[in-house]
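This report refers to the structure that appears directly beneath it.
Numbering (our numbering), first residue to last: 939 to 1189.
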């Protein structure tokens, strides 16, 4: 997970700001719709839906909006939209591989927006499969307020974890097989740990080290532009750069 924890932290901090806008509300509402559609519309028996609802409540989304999103996914409320999940792939500056997960009701619009974002920021949108072979989908639990790493490690192993990383002094990211995410989440919570997020994430098998300031600036601007698009849910890239260069490039 090295190389992603820093960017993951920044994205979590950005989410606080984005929540004050409409972007996060739209993303989470769509995630609820898809989760309810892909499984049963009952959070008690649908881990993906339960997780999406928890994120919605944490972001301050009203209960009426949550219930309406569940109804849309279950097919009991029709607003005329037909969302579908699509994964796009491409390359950014310095040859960095980028995966974009989107939920859209208009493929042509989404593809055009993504193509423009890539081309304006030194990258190019590729064909399906051009970079996905470099990534594996894993389950990630984010644990806050970690005071005892030994206890965390024991609970993580009991929950089927493969590895963990302290992303800052008190926050850890626990990695597991995608099929073990719900089990890990429940085990950590049962042991009293504060799990602030549980999600599936694409993890790269190798990373591209970015050292050039201009490339770093263009890459981070590209990722930020992609994440700002309404149809985009998640952006994952296989880059590494120093904290100093990342901080300088985000000014």
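Each residue gets a CB set at the ideal place from its N, CA and C atoms; glycine is no exception.
Burial is judged here by how many other beta carbons sit within 10 angstroms of a residue's own beta carbon; residue 1152 has fewer than 16 and is exposed. With a beta-carbon spacing of about 7 Å, residue 1108 and residue 1082 fall inside the 8 Å limit used to define contacts. Contact annotation, residue 1176 with residue 1149: C-beta distance approximately 15 Å; criterion of less than 8 Å not satisfied.
The stretch 1020 to 1038 and the stretch 1160 to 1169 touch, with no fewer than 3 CB-CB distances between them shorter than 8 Å.
Around the beta carbon of residue 1155, a 10 Å sphere encloses 16 or more other beta carbons of the protein chains shown; the residue is thus reported as buried. In this structure residue 1000 is exposed. Its beta-carbon is surrounded by fewer than 16 other beta-carbon atoms within 10 angstroms. If only complete runs of 4 or more residues are kept, the stretch 1109 to 1156 shows the alpha helix (DSSP H) at 1119 to 1128, in order along the chain. Looking only at 1079, 1054, 1173 and 1023, the smallest Cα-Cα distance to residue 1043 is reached by 1023. As the crow flies, the alpha-carbon of residue 1086 is around 14 Å from that of residue 1106. Three or more Cβ pairs closer than 8 Å define a contact, and the stretch 961 to 979 falls short of that threshold against the stretch 1117 to 1124.
Around the Cβ of residue 1051, a 10 Å sphere holds 16 or more other Cβ atoms; the residue is buried.
Runs of the beta strand (DSSP E) lying entirely within the stretch 1060 to 1098, each at least 3 residues long, are 1073 to 1082 in chain order.
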